[in-house]
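Going letter by letter, the sequence shown gives residues 7 to 63 in the numbering used here.
Take a look at the structure set out below.
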Amino acid sequence: VVARVCESVPGVRPLRSRFEPVVGALLFAFEEVGLPVDAELLNHLAATLPPGSLFDS
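This is the structure in structure tokens:
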């Protein structure tokens, strides 16, 4: 997918996310209910998430 996007969109630079996609859904939910998504929360998530290999499919 990344190679295809890079071929189709000149100048695009793929970036690795700090978190798995499921964390994005969690962050959207936090924002939706008014919880602050700040550095403290992100650091706590990073320290307590299971290893990325759990999400391998």
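Cβ atoms here follow ideal geometry from the backbone N, Cα and C, with glycine treated the same way.
Give the single residue among 37, 29 and 19 whose Cα lies nearest to the Cα of residue 52. 29
Pull up the distance between the alpha-carbon of residue 40 and that of residue 56, whole angstroms please. 25 Å
Residue of 27, 15, 9 and 11 minimising C-alpha distance to residue 61: 27
Where the alpha helix (DSSP H) through residue 29 begins and ends: 27 to 38
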